[in-house]
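Have a look at the structure below before the remarks.
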Amino acid sequence: MAVLIIASKRDSAGQNIARELTNSKGFQSVPSASGDLLQSGNAFLKHVDTDGIHTSSLALDVQVDAVIFASRHRSERNEPALTVHWTGNTTSRADFGGNPKSLSFTDPPRLRAALLGLDEAREARRLNYAVTLEATHHGPTELGVPTLFVEIGSTEKEWNDVEAARAASDAIWKAATNPLLGKNAVGFGGGHYCDKQSMAIRNDGYAFGHIFSKYFFEEYDEKMVHMAFARTRGECRTAVIDWKGIRGPERAKLLDTLKQMEIEVIRV
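For what it's worth, our numbering labels the leading residue of the sequence shown as -5, then goes sequentially.
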């Protein structure tokens, strides 16, 4: 099935990643009623006028199996970083696109391929960047297909770093064309940056759908837990929990929900 890569014209990092993809992967312009569209094999590349997080529909005349956004990343620490995450709003707030209490679909092998691809590209290009998995956040949430972000952070310097753009483009290409199978799981606990789940991918063969940070438990809703598993492509009957990354009473609520769902629990 086809995969669509999207880069916002408002996003310098996304545009630089798209340029590297176009130059290195043989993308060519193809006719499309929806505007400018490039294609290389089963991968399509589209530039959009809106910010990626506010993309509300695909408006394509081709059917795609997943969407990958090439994007910038911002953080308070302003540290160089290459990041990957699924989209969704796990609480009643939707300050950055998408709908409240709504999650995108996920395809865990694509995230696994993206994270390991970023690791590989960082080493090959000797980049002084952190490679990190982020918890599910921001929009879009309603595209109807797995929606992944691969990002460069965290300042203009990094957004315009050609080598970082090449690293991100390599990872996006792998996620689009060569998903890596693993043990599908939904993650829970820890902060916004998911160190425990990242290591579970690298060392233990996991492939993650949604990851809920500890902030989700301030407004715990078991319906969101059910949605995370339901919107994971492929069989997913495992929860990987950052045990110390959730307070005891909140963890007890989660464990009760998972027990009712007959979900395997793995502590990390």
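In this text, a Cβ means the ideal position worked out from N, Cα and C, and glycines have one as well.
Assigned secondary structure, I11 (DSSP; H/G/I helix, E/B strand, else coil)
Three-state DSSP puts I11 in a helix.
So what does DSSP say about L174, is it helix, strand or coil?
Note: L174 maps to coil in three-state DSSP.
Does DSSP put G181 in a helix, in a strand, or in coil?
Note: G181 maps to strand in three-state DSSP.
Go through its chain and collect everything with a Cβ distance to A107's Cβ below 8 Å, but skip five positions before and after it.
The residues are A165, K168, A169, N172, P173, L174.
Per-residue DSSP class, three states only, for S148:
Correct three-state label for S148: coil.
Would you check if the region 150 to 162 and the region 197 to 208 touch, i.e. whether three or more CB-CB distances between them fall below 8 Å?
Contact between the region 197 to 208 and the region 150 to 162 is absent, because fewer than three Cβ pairs lie under 8 Å.
Of the residues P103, V262, G133, the one placed nearest G181, counting alpha carbons only
Minimum Cα-Cα distance from G181 among the listed residues P103, V262, G133 corresponds to V262.
Taking all protein chains shown into account, do 16 or more other C-beta atoms lie within 10 angstroms of the C-beta of H220, making it buried, or fewer, making it exposed?
Counting the other Cβ atoms within 10 Å of the Cβ of H220 gives fewer than 16, which makes it exposed.
What separation, rounded to the nearest whole angstrom, lies between the Cα atoms of I270 and M255?
Because the chain in this structure spans residues -5 to 262, residue 270 falls outside the shown range and cannot be described.
Given a threshold of 16 other Cβ atoms within 10 Å of its Cβ, counted over all protein chains shown, does N197 qualify as buried or as exposed?
Exposed is the label assigned to N197, since fewer than 16 other Cβ atoms lie within 10 Å of its Cβ.
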